[in-house]
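To keep things clear, I will list the structure first and then write my remarks on it.
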Amino acid sequence: MWDSIMQIPSVFQDEAVRSMIIAGIGETLYMTIVSTFFGYVFGLPLGIALAVTDKTGIKPNAVVYKVLDFISNIIRSIPFLILLILLIPFTRAVVGKSYGSTATIVPLVVAAAPFIGRMIESSLKEVDGGVIEAAQSMGAGNFTIIFHVMLVEARTSILVGATIATGTILGYSAMAGTVGGGGLGDIAIRYGYHRYQFDIMIVTVVLLVVLVQIFQTIGMFISNKFDRRKR
Amino acid sequence: MITLNNVSKTYNTKEGTVQALDNVSLTIESGDIFGIIGMSGAGKSTLVRCLNFLEKPTSGTVIVDGSDLSKLGDRELRAKRGQIGMIFQHFNLLMQKNVIDNICFPLKIAGVSKAEARKKAYELLEIVGLTDKAKAYPIQLSGGQKQRVAIARALATNPKLLLCDEATSALDPQTTKSILALLKEINEKYGITIVIITHEMAVVREICNRVGIIGNGKLVEHGNVIDVFSHPQSEEAKELVLRNTGENRELVETLETKNCIRIVFSENSSYEPVIANMVLKFGTPVNILKADTKNVSGIARGEMILGLPEDEKLASEMIDYLKERNLAVEEVSGHVG
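As structure tokens, then:
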């Protein structure tokens, strides 16, 4: 192990390895950002629907809530690797192949959407009921309350959630490396695990840590900047 | 302005049904400042929410400004709510929006153009005296300032009716006074009918002209503030009028004075030094346990709790003397303790 740490500088001297790692960073960012985006495309409406139809929501509907609740719990309880494999036919139908970083986006979105939905739900439920009641007293309809009260008041919490979601999706994308998903995780497994090149593995892991740190810092900065509850 | 006919509201909870309102019938006239007072849990918050149908009554009708709320469709009800202002104990401002945007919010809901809404919002800020805070966020404001913003917001759509749900309960006495003065000014200047929910008698005394007392979901007593204060009929009213503040009650209790009476000044009698004259006439001192004189809706009014001499004969002579001077006299010991 110690030897491989000593060899790390050589990783950067090898032109082929260097370009592979740079491509890996690109693929990881591509998977993470696109999956997070589509995760929100599906997760945001899901979270809103969960928050609104819950029995304490503005339009309680036990049937809708139970169905969405059940589906999102099932997906979240399937281990990501299993989900990845289970979804191979679906992935193939959507993007035409089942390996590579574009193909990994499909299971990533499927896994992320219910997770994101849950976080949106919990952010929206933090909104003070009194403020919602005040909006109702002004004659606001549910649409106005969702888009001009709940989402606005929960903004900080939603942005913090997005930061967490991005980090989690980045972690999942690395896991997809085990089945040829591409990106830094793929490199770490192929070189570090299968070929015992610990130096490359360590470099990729450090890069993953750095990426998560960068996302976290940017996310927290943005959510703080847009929080008006600070004096 | 508002007519309630046999309004009842029951909630189904795990512990069974709770009757929050029990057959409440009430009329509130245009231009009134109507106080609804009761202990916590008496049903007053439910009652005020029935006035704009944030809570739908289980039975009975609510007629506001000529329209029966239960007959309105969803859209019409929302339009109606837009014409009824409401303020709350915890202000309920949008924390992520600045003062101006908060005031513009009901106008946005009503579909008013942004430029017009801004203009109106600045006018309202002037009325509530916060022009310098237009760009501030609620977190930067004190409680009293937040309530002023809430009042401006509630008035944005030019409502004829303003509902206040414990609007001063989270404020200190000084701020409470200034908010109440603002509400009174709004009532007088713009003729807006105001309904005030409170558990504090002082609030009713300060600005209301009429009052309803709620106990256990029932409207136990209602009428002009002056009448209810001077001659409370129901147990709840007596309790509220006498209790006034918790300390007085303890004071009277601890003194254990036997001949305690409560006298109520009405009309202009508080300008005549009745007690001093009485003491001079009988040559015996009385113990003033509590004295409180206030201006109720423009009429000088006060109340005192006196400890009379032990001598029964002298005490009853004193009571007669006070009664001759048109003061309402009540034995206190029966109600206190």
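Chains as they are written, first to last, in this note's numbering: chain A, 612 to 842; chain B, 1216 to 1552. Just so you know, even glycine gets a beta-carbon here, dropped at the ideal spot from N, CA and C.
For F1303 of chain B, which residues in chain A fall below 7 Å Cβ to Cβ?
Here the neighbours are G741 and A745.
E639 of chain A and L781 of chain A: beta carbons closer than 8 Å?
Sequence inspection shows Thr at residue 639 of chain A; the Glu mentioned does not correspond to that position. It is a contact, given that the beta carbons lie within the stated cut-off.
Determine, using beta carbons only, whether G788 of chain A and I731 of chain A come nearer to each other than 8 Å.
It is not a contact, given that the beta carbons lie outside the stated cut-off.
Helix, strand or coil for K841 of chain A? Go by DSSP, reduced to three states.
Three-state result, K841 of chain A: coil.
Are at least three pairs of beta-carbons, each pair with one atom in the segment 706-725 of chain A and one in the segment 647-656 of chain A, less than 8 Å apart?
Cβ pair count under 8 Å is three or more, so yes.
Which of the residues in the segment 747-766 of chain A, read from start to end, lie with their CB under 8 Å from any CB of chain B?
Residues Q747, S748, M749, G750, A751, G752, T755, H759, V760, V763, E764 and R766.
Quick check on Q827 of chain A: does DSSP put it in helix, strand or coil?
Helix, per DSSP.
Check whether the Cβ atoms of I1217 of chain B and G750 of chain A sit closer than 8 Å, and answer yes or no.
Not closer than 8 Å, so no.
Sort A:G654, A:G792, A:F809 and A:I833 by Cα distance to I636 of chain A and report the nearest one.
Of the candidates A:G654, A:G792, A:F809 and A:I833, the one whose C-alpha sits nearest the C-alpha of I636 of chain A is A:G792.
Starting from Y1352 of chain B, find everything on chain A with Cβ-Cβ shorter than 8 Å and list it in chain order.
Under the 8 Å cutoff, chain A gives R839 and R840.
Within its chain, find whatever has a CB closer than 7 Å to the CB of S734 of chain A; leave out the 5 residues flanking it on each side and keep chain order.
Here the set comprises A765, S768, I769 and G772.
Please name the residue, chosen from A:P690, A:F832, A:A785 and A:P620, that lies closest to G796 of chain A on a Cα-to-Cα basis.
The candidate whose alpha carbon is nearest that of G796 of chain A is A:A785.
Based on the DSSP output, what are the partners of C1475 of chain B in its beta bridges?
Per DSSP, B:G1522.
Got a sec, what are the start and stop residues for the alpha helix (DSSP H) F623 of chain A sits in?
Start and end: W613 to Q624.
How many angstroms separate the CA atom of A1332 of chain B from the CA atom of N1307 of chain B?
Whole-angstrom Cα-Cα distance: 20 Å.
Considering only the alpha carbon of each residue, which of B:T1228, B:A1349, B:G1326 and B:K1271 lies closest to Y1337 of chain B?
Of B:T1228, B:A1349, B:G1326 and B:K1271, the residue nearest in Cα terms is B:A1349.
Taking only the alpha-carbon atoms, compute the straight-line gap between K1259 of chain B and R1425 of chain B and give it to the nearest angstrom.
Answer to the nearest angstrom: the Cα atoms are 15 Å apart.
Please state if the CB of V1501 of chain B and the CB of L1523 of chain B are separated by a distance shorter than 8 Å.
In contact: L1523 of chain B and V1501 of chain B (Cβ atoms closer than 8 Å).
Please decide whether F832 of chain A counts as near chain B, where near means a Cβ-Cβ distance under 8 Å.
No, its Cβ sits nowhere closer than 8 Å to a Cβ of chain B.
From which residue to which residue does the alpha helix (DSSP H) around M749 of chain A run?
From DSSP, M749 of chain A is part of no alpha helix (DSSP H); its letter is neither H nor E.
Anything in the segment 1381-1397 of chain B with a Cβ closer than 8 Å to a Cβ of chain A? List those residues in chain order, please.
Listed by position along the chain: nothing, the set is empty.
Checking contacts by CB at 8 Å: is G1297 of chain B closer than that to chain A?
By this cut-off, G1297 of chain B is an interface position.
Measuring alpha carbon to alpha carbon, tell me which of B:L1542, B:T1383 and B:I1412 ends up nearest I1478 of chain B.
Checking every option, the nearest Cα to that of I1478 of chain B belongs to B:L1542.
Return yes when the Cβ of E1415 of chain B is within less than 8 Å of the Cβ of G1430 of chain B, no when it is not.
Cβ atoms of G1430 of chain B and E1415 of chain B: not closer than 8 Å.
State yes or no: is the C-beta of G1300 of chain B within less than 8 Å of the C-beta of A1369 of chain B?
Taking 8 Å as the Cβ cut-off, G1300 of chain B and A1369 of chain B qualify as a contacting pair.
Just checking, does the segment 1379-1386 of chain B make contact with the segment 1355-1364 of chain B on the three C-beta pairs under 8 Å criterion?
Taking 8 Å as the limit for Cβ pairs, the verdict is that the segment 1355-1364 of chain B does touch the segment 1379-1386 of chain B.
Flag this pair as yes or no: are the beta carbons of F691 of chain A and Y807 of chain A separated by less than 8 Å?
No. Outside cutoff.
Any chance you could list the alpha helix (DSSP H) runs of at least 4 consecutive residues sitting entirely within the segment 1434-1461 of chain B, in chain order?
You should have 1440-1445 and 1450-1458.
Write down the C-beta distance between A1371 of chain B and I1302 of chain B rounded to the nearest angstrom, noting that I regard them as a contact closer than 8 Å.
That pair is no contact at about 12 Å.
Cutting at 7 Å between CB atoms, please list the residues of its own chain near A1396 of chain B, excluding the five before and the five after it.
Excluding residues within five positions, none has a Cβ falling inside 7 Å.
If we define contact as Cβ-Cβ less than 8 Å, is L1269 of chain B a contact residue for chain A?
Judged by the 8 Å Cβ criterion, L1269 of chain B is in contact with chain A.
Alpha carbon to alpha carbon, what distance is there between I1278 of chain B and H1437 of chain B?
H1437 of chain B and I1278 of chain B: Cα-Cα distance of roughly 19 Å.
How about E626 of chain A: is its C-beta nearer than 8 Å to some C-beta of chain B?
No, no contact with chain B.
Which of the residues in the segment 1311-1323 of chain B, read from start to end, lie with their CB under 8 Å from any CB of chain A?
The segment 1311-1323 of chain B vs chain A, Cβ under 8 Å: Q1311, K1312, N1313, F1320, P1321 and K1323.
According to DSSP, D1380 of chain B sits in a beta bridge with which residue or residues?
D1380 of chain B pairs with B:F1303 and B:I1412.
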